[in-house]
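> Same order as they appear, the protein sequences are chains P and F. Going by full-length UniProt numbering, the first residue of the first sequence is number 1, and it counts up by one from there. Going by full-length UniProt numbering, the first residue of the second sequence is number 1, and it counts up by one from there. Here a beta-carbon is modelled for each residue, glycine too, at the ideal position from N, C-alpha and C.
There are 2 protein chains.
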Amino acid sequence: MTQPPSTSAPATAQDGPLPRQRRTYSIGELAKMFEVTTRTIRFYEQEGLLAPERRGQTRIYDEKDRVRLKLTLRGKRLGFSLAEIREVVMMYDAMPDGNRRQLRRLIEILADKRSNLERQLEDIRLMQLELDDVERRARDVLASLGDSD
Amino acid sequence: MTQPPSTSAPATAQDGPLPRQRRTYSIGELAKMFEVTTRTIRFYEQEGLLAPERRGQTRIYDEKDRVRLKLTLRGKRLGFSLAEIREVVMMYDAMPDGNRRQLRRLIEILADKRSNLERQLEDIRLMQLELDDVERRARDVLASLGDSD
DNA sequence: GCCGAGGTTTACGTTAACGTAAAGGTCTTG
DNA sequence: CAAGACCTTTACGTTAACGTAAACCTCGGC
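#1: Report the residue ranges of all beta strand (DSSP E) runs contained in full by the UniProt domain "HTH merR-type" (24-91) of chain F; include only those spanning at least 3 residues, in chain order.
#2: If you count every other CB in all the chains shown that lies within 10 Å of the CB of P/Val67, and 16 or more means buried, which is it?
#3: Do F/Ile27 and F/Arg59 count as a contact pair if the criterion is CB distance below 7 Å?
#4: Taking buried to mean at least 16 other C-beta atoms within 10 Å of its own C-beta, is P/Gly98 buried or exposed?
#5: Scan the segment 79-107 of chain P for residues whose Cβ lies nearer than 8 Å to a Cβ of chain F and list them as they occur along the chain.
#6: Three or more C-beta pairs closer than 8 Å, one from the segment 39-51 of chain P and one from the segment 84-102 of chain P: is that the case here?
#7: Have a look at P/Arg23, P/Lys64 and P/Glu130 and flag the residue whose alpha-carbon is nearest the alpha-carbon of F/Arg114.
#8: Taking the beta carbon of F/Ala111 as the centre, do at least 16 other beta carbons fall within 10 Å, making it buried, or is it exposed?
#9: Counting along the chain, where does the alpha helix (DSSP H) carrying residue 195 of chain F start and finish?
#10: Which of the three DSSP states, helix, strand or coil, is assigned to F/Asp97?
#11: Name the chain P residues that come within less than 7 Å of F/Lys113, Cβ to Cβ?
#12: Can you list the residues of chain P that F/Val141 reaches, using a CB-CB cut of under 8 Å?
#13: Consider the Cβ of F/Leu69: report whether some Cβ of chain P lies at a distance smaller than 7 Å.
#14: Less than 8 Å between the CB atoms is what I'm expecting for F/Ile41 and F/Leu69, so what's the real figure, rounded?
#15: Taking a contact to mean a Cβ-Cβ separation below 7 Å, would you say F/Arg74 touches P/Asp123 in this structure?
#16: Can you tell me the Cα-Cα spacing of F/Leu71 and F/Tyr61, whole angstroms?
#17: Does any residue of chain P have a CB that is nearer than 7 Å to the CB of F/Glu135?
#18: Between P/Lys76, P/Gln57 and P/Glu53, which has its C-alpha nearest P/Phe34's C-alpha?
#19: How would you label F/Asp65, buried or exposed, when you count the other beta carbons within 10 angstroms and need 16 or more for buried?
#20: Which value, in whole angstroms, describes the spacing of the CA atoms of F/Leu117 and P/Phe43?
#21: Give the residues from the segment 119-130 of chain F that approach chain P closer than 8 Å (Cβ to any Cβ), ordered along the chain.
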């Protein structure tokens, strides 16, 4: 490590109460933390899912950015496309000053995602049963092999 | 419809008991049934996930093929790659005369898929909470708009 | 002063999972 | 027998989500 894990300020004793847990992260730290490459993180930014500050050229990620990355990766694991994720994320950001139409649209989208999740739950349940069945058969065959082979 | 929904035989009265529900399907029927294109179905075959019989040039799918397609599509919805799905499907087929090593390997793979599903369950649970939260906020903002706008 | 461990941009390459188009065979129905 | 409605193969195109490589800057330590 060339640099100590980045904090926004060295924070000596007389600094007083820090401005609310102002921890920051480098791109490399986040990459290790979530086991993705830096390329992936930069790509997500390019796709409008992240917007870290810059200290000169260098990207500085804060807590909010970290949470967003976490949610994005979770969405990905569930098979959502980056476009879908961005759709929700951006509307969420635009919410405070959103008009009725936008808000209703957001709620509509949410309902859609929700039903998507419901189906996935059912799919998982069924898939688990399938796997149970396959495993049972496999164990049966294994047992029937007895001492032969 | 140029052809009546294909059955393996016209099956008149004196045919006696059919050889155990021997219904068959054309590629088009399956496509409509699962709302995919015929291209997709042929692609899955090319990838080794299906192996329908042929009447001349034409593909004839039976009940087993239909189930396999169903499972494949379910796997896809859960974010599995065709390669992963094939891995399980092929080992399942090879099971009867599989040796110990193969069977243990299969069980290993199954455990892996299973833990994958577990994580997805957790992801879904968390994602649902997120969506709940976003929706609640959206409704709040919507309500706070009162009669203005 | 330079070296290594980080960071940066730009840009072309790759993979999975199909889409799409062309060109042709086979029924059956008017 | 011509027109549809199906089916077939072959083959090139497309999209998302990164991987990979080159070429560069910058800082702290020896």
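If we stick to the structure as given:
#1: Those beta strand (DSSP E) runs which fall completely within the UniProt domain "HTH merR-type" (24-91) of chain F and span 3+ residues are 53-55 and 58-62.
#2: In summary, P/Val67 is exposed, with fewer than 16 beta-carbon neighbours lying within 10 Å of its beta-carbon over all protein chains present.
#3: The Cβ atoms of F/Arg59 and F/Ile27 sit closer than 7 Å to each other.
#4: Only buried fits P/Gly98, as 16 or more other CB atoms lie within 10 angstroms of its CB.
#5: Those residues of the segment 79-107 of chain P that come within reach of chain F (Cβ to Cβ, closer than 8 Å) are Gly79, Val88, Tyr92, Met95, Pro96, Gly98, Asn99, Arg100, Leu103, Arg104, Leu106 and Ile107.
#6: Cβ pair count under 8 Å is three or more, so yes.
#7: Of the candidates P/Arg23, P/Lys64 and P/Glu130, the residue whose Cα lies closest to the Cα of F/Arg114 is P/Glu130.
#8: With fewer than 16 other Cβ atoms from the protein chains shown falling within 10 Å of its own Cβ, F/Ala111 counts as exposed.
#9: Since the first residue shown for chain F is 1 and the last is 149, residue 195 of chain F is missing from the structure and cannot be characterised.
#10: Collapsing the DSSP output to three states places F/Asp97 in coil.
#11: Contact note: F/Lys113 reaches chain P through Leu131, using a C-beta cutoff of 7 Å and chain order.
#12: The answer, in chain order, is Met95, Pro96, Gly98 and Leu103.
#13: Residue-level contact check: F/Leu69 does not touch chain P, since none of the beta carbons of chain P fall below 7 Å from its beta carbon.
#14: With 8 Å as the limit, F/Ile41 and F/Leu69 qualify as a contact, their Cβ atoms being about 7 Å apart.
#15: It is a contact, given that the beta carbons lie within the stated cut-off.
#16: When only Cα atoms are considered, F/Leu71 and F/Tyr61 end up about 15 Å apart.
#17: Cβ-Cβ to chain P under 7 Å: yes for F/Glu135.
#18: The residue with the shortest Cα to Cα distance from P/Phe34 is P/Lys76.
#19: The C-beta of F/Asp65 has 16 or more other C-beta atoms within 10 Å across all chains shown, which makes the residue buried.
#20: Rounded to whole angstroms, F/Leu117 and P/Phe43 show a C-alpha spacing of 27 Å.
#21: Residues passing the 8 Å Cβ filter: Arg119, Gln120, Leu121, Asp123, Ile124, Leu126, Met127, Gln128 and Glu130.
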